[in-house]
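Enquirer:
Residue numbers (the working numbering): 293 to 349.
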């Protein structure tokens, strides 16, 4: 009976490890998306400021 319980717990642990890996992957993907969006936003803001400066001249 202990062996069966041990196997069940081991299987449950492996499932949890897999879920953690998936969540880490999703987190990495979201962070990459945020970084890309931040770069795009920074570039757009820089272009907007440059246009404002050129209009003032």
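We treat Cβ as the ideally placed atom computed from N, Cα and C, and that holds for glycine.
Give me, in chain order, the residues of the same chain whose beta-carbon lies closer than 6 Å to that of residue 311; leave out the 5 immediate sequence neighbours on both sides.
Expert: Here the set comprises nothing.
Enquirer: Tell me the rounded alpha-carbon separation between residue 294 and residue 301.
Expert: Roughly 10 Å separates the two Cα atoms.
Enquirer: So, with DSSP's three-state summary, where would you put residue 293?
Expert: Of the three classes helix, strand and coil, the one that applies to residue 293 here is coil, per DSSP.
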